[in-house]
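Following: one structure in structure tokens, then a few remarks.
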Amino acid sequence: MCSGRVDLEFIFRAFANGQDGVLIGGCKLNECNYVTHGNYDALGNTYICKNIMRRIGLNPERLGIEFMSGGDGNRLAEVVNNFTGKVKELGPIGKAEGIEKKTLKRDLDAVRTLIPYLRLVEREKLRAPARSERAYHEFFTSGAVQKLFDELIGGELTVSRIVSLLRTEPLSTGEISRMLGLDPSEVTKHMNRSSRKGLVAYDTESKRYSLARSGGRV
Amino acid sequence: MVEVGRHQNIEVLTYAEVKSVSGDVGDFTVTLVKKPRYIVEDRCTGCRTCVRYCPKASPDIFNQEIASGKAVHVYFSQAIPLVAYIDENCLNLKEGKCDICVGVCQNEAVDFRQTAEKMEINVGTIILSAGVAPFDPAAVEEYGYGTMQNVVTGVDFERLLSATGPYQGNILRASDKKHPRNIAWIQCVGSRRVTPGENSYCSGVCCTYTQKQVILAKEHDAEAKCTVFHNDIRAFGKDFERYYQRAERLPGVRFIRSYTSIAREVPESRNVVVRYATTDRGVQEEEFDMVVLSVGLSPPADARGLVETFGIELNSHGFSKARPENPMETTRPGIFVSGGLQGPIDIPESVFGAGAAGARCGEHLGYRRGKLSRERVYPPERDVAGQEPRIGVFVCHCGTNIGSVVNVPSTVEYARGLPNVVHAQEQLFSCANNAIKEITDLAEEKGLNRVVIAACSPRTLEPLFRDTLREAGLNQYFCEMANIREQCSWVHSKQKEEATRKAKDIIRMSVARAGHLEPLAEFDLPVNKTTLVVGGGIAGMTCALSIARQGYQVHLVEKTRELGGMARRIHATLEGMDVQAHVDDLIRSVYRNPLIHVSHEAAIKSVSGYVGNFTTILESGGGRKEIKHGASVIAIGAEVYRPAEYLYGENDRVVTHLELGEKIAAGDETVVNARSMAMIQCVGCRNEDRNYCSRVCCGHAIKNALKLKELNPSMAIYVLFRDMRTYGLKEDYYREAADKGVTFIQYEPDDKPEVEAAVNDAGAPCLRITVPDPILGCRIQLDADILSLAAAVVPSPHAGEIAGLFKVTLNPDGYFKEAHVKLRPVECAAEGVFLCGMAHYPKHIEETISQACGAAGRVLTLLSHDTVVASGSVCEVAEDDCVSCGACITACTYGAIEFCDTPAGAKARVNPILCKGDGLCCTKCPTRAIVLKHFTDDAILSQIDAAGTDEEIMREIDAGVGDA
Chain B
18 MCSGRVDLEF IFRAFANGQD GVLIGGCKLN ECNYVTHGNY DALGNTYICK
68 NIMRRIGLNP ERLGIEFMSG GDGNRLAEVV NNFTGKVKEL GPIGKAEGIE
118 KKTLKRDLDA VRTLIPYLRL VEREKLRAPA RSERAYHEFF TSGAVQKLFD
168 ELIGGELTVS RIVSLLRTEP LSTGEISRML GLDPSEVTKH MNRSSRKGLV
218 AYDTESKRYS LARSGGRV
Chain F
20 MVEVGRHQNI EVLTYAEVKS VSGDVGDFTV TLVKKPRYIV EDRCTGCRTC
70 VRYCPKASPD IFNQEIASGK AVHVYFSQAI PLVAYIDENC LNLKEGKCDI
120 CVGVCQNEAV DFRQTAEKME INVGTIILSA GVAPFDPAAV EEYGYGTMQN
170 VVTGVDFERL LSATGPYQGN ILRASDKKHP RNIAWIQCVG SRRVTPGENS
220 YCSGVCCTYT QKQVILAKEH DAEAKCTVFH NDIRAFGKDF ERYYQRAERL
270 PGVRFIRSYT SIAREVPESR NVVVRYATTD RGVQEEEFDM VVLSVGLSPP
320 ADARGLVETF GIELNSHGFS KARPENPMET TRPGIFVSGG LQGPIDIPES
370 VFGAGAAGAR CGEHLGYRRG KLSRERVYPP ERDVAGQEPR IGVFVCHCGT
420 NIGSVVNVPS TVEYARGLPN VVHAQEQLFS CANNAIKEIT DLAEEKGLNR
470 VVIAACSPRT LEPLFRDTLR EAGLNQYFCE MANIREQCSW VHSKQKEEAT
520 RKAKDIIRMS VARAGHLEPL AEFDLPVNKT TLVVGGGIAG MTCALSIARQ
570 GYQVHLVEKT RELGGMARRI HATLEGMDVQ AHVDDLIRSV YRNPLIHVSH
620 EAAIKSVSGY VGNFTTILES GGGRKEIKHG ASVIAIGAEV YRPAEYLYGE
670 NDRVVTHLEL GEKIAAGDET VVNARSMAMI QCVGCRNEDR NYCSRVCCGH
720 AIKNALKLKE LNPSMAIYVL FRDMRTYGLK EDYYREAADK GVTFIQYEPD
770 DKPEVEAAVN DAGAPCLRIT VPDPILGCRI QLDADILSLA AAVVPSPHAG
820 EIAGLFKVTL NPDGYFKEAH VKLRPVECAA EGVFLCGMAH YPKHIEETIS
870 QACGAAGRVL TLLSHDTVVA SGSVCEVAED DCVSCGACIT ACTYGAIEFC
920 DTPAGAKARV NPILCKGDGL CCTKCPTRAI VLKHFTDDAI LSQIDAAGTD
970 EEIMREIDAG VGDA
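Sequences listed follow chains B and F, in order. For what it's worth, this note's numbering labels the leading residue of the first sequence as 18, then goes sequentially. For what it's worth, this note's numbering labels the leading residue of the second sequence as 20, then goes sequentially.
Structural data, given as structure tokens:
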């Protein structure tokens, strides 16, 4: 099994379980013993995860990736010590960021329902042009890719979070915008689109949105 | 090593010496003496408890005696067999005083009554792999080794860099145990020197090992200043040129071409002063914190003893005397060599040379292949389908390795309370024979259907425990290892309570995962016993002959009308081998061998299938034929660069080295009677277009120069070079050429020689060459009657096409890529496809012969089995869930996934034989339709879920119940 097998689901599941940090270990870049070089895929996924973490208010430092060889025992110890030190400093997940446990769980659930979509986006739009650490860094931190993230993932994530929220009770636009810390106009935009898609239904009487009968499964 | 140690057909006799060899090829009797270890091998588990308690210090030989060891050692941490031995410094052996080790060994493995044991074994052939000895610089006073504390050898430095080294991977000075910040390497210590006690040849490996050490030293300490004092940089191996550039471009790294001597030690700081000279600044001195002597390779210390014991002859340097036509053979039939005893060679050459020696043995003994081999027989597998998981947990003390840190009984107690665990117990050494038996017995008695071994890393012993499950009639994939040693007790030796808690966490996660394990079948694929060899040059013919001589059918495919390849244009080698006679001999043998079928003017149209079962369509002589074969060998050779520089093609006095060789052989008078001859090296390579060294050209230049000097001693010969790369024993010929008056002038790539057509003093047309002379410090002009260019070796123009057909890859330079540059140099990453000769990288003829036989050896390893086994941990697609998006297909670098037409449309399907189980596809599939068996989402997620603390898990469960 290659570090490229580390799935977005594994990472978010760990955070959803309340783990305060996740560290991915892979072989040294460019030193694949096969022809896979899947550690670059793990690196790309890490950038994607961190971006999403930022969007739901989680400190992206809680996720780390390090590349080392079987002979780097000392480095592994150093890396793990540094990482655990850092995570301890950050404090417990959610609490340190000022996110309620319930909210965090709900948001991470929203992210996890989005994973199949994230995979498609990764495949179509988020492949760095060259396989080097630098190319990955430049690609994923570039303005163009940030914009792509906003366009392709930002909106979908918001909808997913709203759906997640509506699963517990019907809510008004105002309540949703408050709970997710979003601009009401943005919420209205998403709600209009979602009701057109038949994801949510608006109850004119209570002036609240609720999940459509389909259950809001994306 | 692990593979050798575990192989049922390899018996490893360590701590043994061969006393005599009698008999002949096919029937040798070898007498050997096994020295007493004072440790019973099958009881010792290598736990090192005895080492910890032993009171007597003794040199740690493996760590170059930098740090001290004990009188009882395990030679090094990965030793095979992992068994201790007691040396002559032991107090008990010396004075009969101490028996602490006897008391602390819980397996009763120490036995001071052991005596030397004489054995006789009967063998058909013998391979000598006595290795090399690093040159000992203490023999030459000027190096200061042994007198100055901060002068170390390259081998010492290697140990300093190592995590298992004397300072656990810290580079420290012997004098004050401080990190050296300013390190110098001195090249060619003990090599390329005619001073008494040193070797005249080039050791061939030191330039690159030094570069590696510089890179690693910079990784240890990014601020470190590194200086390498060198002669020629001999980066002639595959990818070595780039590696050199990488080292050289690091900040704070200097490569200085200079003769160097150690001037003195500074008494206060123990720093070492090095004296050197550069052309621009003359002689100067510089102080360093540490000096590394890049020592070369000498023949093994007891090489002379081999003459006596084995009856073989050595050459003047003390290496095995061999004919270039058969570099693996000694002077005594049936005895072969591999590795350093052949001469100073690097790892890839050692590896394929070893394969070649094996193939040569096979040629002698092929007729009785398999007569003595053993196979394991396992009981039939129990069907546990539909059963609830019944997990057995075995927690290993590993002597005191785990037990002294982790509270093993408490982890066992804890494991008993975990879901699905029906049995848990502790074991002193789970890997010991009695413990293995216990696991098999209990699996049956308690009806276990999953086994968790909480012990060490799966890396070494998982094969053993999987085997244990098979012995117990369980599918081997029901085995799960929880690593509570390397990842727990070893790293937390001072935090016993926390370590115990962590061990419980690890075991809990493994138990969770074990519940999701499924029985997997490994595939037995039949192996077609025929080989297809592509390319009829020396490489292809040598390989085909070796395979056929071991009794297997070969199809040899040649694209031209005749066999022989590039060698047809080479008449002699530097060492004097008659290449044409050898090629004729090969061609005759190929045609006469009834097992070899040659196709001329043949083109490969398609290749399908996989290891053991390829089908190739061939077009030859207007006909089309289909060949079914189990193995493929790519030996398509290389071409010579057609220079665009130095008036080549414009002036007929400009030739290539290859053409010059042909003209010399033909007795061309304008060449043989020329008054002056110039040669320019590195034409068309070691530049931006071709960033590699063609390896053979320096040898060719020297060969031609020596031949011309022999025919016409008065001829003035100038060789314009960047680095003379006459590595190994070829160095002697370089020296001979210099002694015979050949002039060598070094030039830099940014100030290349200039060539123009001119008229000389005598009024005859000539070539005027202007070149800067670094020693004289001015530009000099040479008039030469003939100019010969060291035209680069370039990959075959067909390489891309052949690579595509066989689904293998080329490196950035266009040569075929091996599975591992050092350890698997004749295999492609695609299983069942092998390579040899220049298709792999430029190389000399004797190296090609060795590699071709090496490829034959690897082919035989495949063909000698009736089946090949493919792993059960491969991917599989749930076709109902597949949305035909192709994400998995683009992710797979092995081409293991293809669309298949099904009634429900095109669906991805995995060919389990090609799948390597990396699981990259699983993270790309948007519908989770593709699953990596043994590492399924369920199994891994269960582990992640179990990673939470008990409290957290209980809370989660409660919350879950609440939701419902």
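Beta carbons: idealized from backbone N, C-alpha and C, even for Gly.
Approximately 5 Å separates the beta-carbon atoms of B/R79 and B/G38; this is inside 8 Å, confirming the contact. The Cβ atoms of B/P201 and B/S212 lie no closer than 8 Å to each other.
Near chain F, meaning a CB-to-CB distance below 9 Å, the residues of the segment 75 to 92 of chain B are G87, G88, D89, G90, N91, R92. In chain order, S87, K89 place their CB closer than 7 Å to the CB of F/A76, counting only its own chain and leaving out the 5 sequence neighbours on each side. Of all residues in the segment 185 to 215 of chain F, only Q187, G188, N189 come within less than 9 Å of chain B when Cβ atoms are compared, listed by chain position. Following the DSSP letters along the chain, one finds F/G680 inside the alpha helix (DSSP H) bounded by residues 676 to 684. Counting along the chain, F/L882 sits inside the alpha helix (DSSP H) bounded by residues 864 to 882. Closer than 8 Å to the CB of B/R140 there is at least one CB belonging to chain F. Identification of chain F residues near B/L121 by a Cβ-Cβ cut-off of 7 Å yields none; the smallest Cβ-Cβ distance measures about 14 Å. Between B/A113 and chain F, the shortest Cβ-Cβ separation is not below 8 Å. Per the Cβ contact rule, the segment 133 to 141 of chain B is not in contact with the segment 82 to 97 of chain B (fewer than 3 Cβ pairs under 8 Å). Contact with chain F is found for B/C19, since one of that chain's Cβ atoms lies less than 8 Å from the residue's Cβ. At least 8 Å separates the CB of F/L605 from every CB of chain B. Residues of chain B with a Cβ closer than 7 Å to the Cβ of F/F954 are, in chain order, M18, R22.
Taking the Cβ atoms as the reference, F/A474 lies roughly 18 Å from B/G90, outside the contact range of under 8 Å.
Contacts with chain B (Cβ-Cβ distance below 8 Å) from the segment 932 to 943 of chain F involve K935, G936, D937, G938, L939, C941, T942, K943, listed in chain order. Neighbourhood of F/G967 in chain B, by CB distance below 8 Å: N34, G35, Q36, in chain order. Boundaries for F/M734: no beta strand (DSSP E) harbours it, and the DSSP string shows neither H nor E there.
The C-beta of F/A906 comes closer than 8 Å to at least one C-beta of chain B. Taken atom to atom, the span from the alpha-carbon of F/P438 to that of F/K841 is near 46 Å. Taking the Cα positions, F/C944 is about 6 Å away from F/C907. Shown here, F/A203 sits in a strand according to DSSP, grouped into three states. Note on geometry: alpha-carbon atoms of F/P153 and F/L391 lie some 37 Å from one another. A distance below 6 Å between beta-carbons, with the five flanking residues on each side excluded, links F/E344 to the following residues of its chain, in chain order: H601.
The C-beta distance from F/F413 to F/I472 rounds to 5 Å, short enough to fall under 8 Å. Straight through space, the alpha carbons of F/M167 and B/K105 are spaced by roughly 47 Å. For F/T134, no CB of chain B lies under 8 Å from its own CB, so it is not counted at the interface with that chain. Per the DSSP secondary-structure output, F/T789 pairs in a beta bridge with F/E773, F/Q800. With a threshold of 8 Å between beta carbons, B/G172 makes no contact with chain F.
In this structure, F/I655 keeps its C-beta atom at 8 Å or more from the C-beta atom of F/G819. For F/K197, the secondary structure class from DSSP, reduced to helix, strand or coil, is coil.
In the pairwise beta carbon analysis, the segment 808 to 824 of chain F is classified as not touching the segment 219 to 234 of chain F: fewer than three pairs are separated by under 8 Å. The segment 326 to 346 of chain F makes contact with the segment 354 to 369 of chain F, as at least three CB pairs between them are under 8 Å. Within the segment 836 to 855 of chain F, the residues whose Cβ lies closer than 7 Å to some Cβ of chain B are H839, A848, listed in chain order. Distance from the CA atom of F/G405 to the CA atom of B/I69, rounded to whole angstroms, is 41 Å.
Within chain F, the residues whose beta carbon sits less than 7 Å from that of B/G55 are D937, L939, listed in sequence order.
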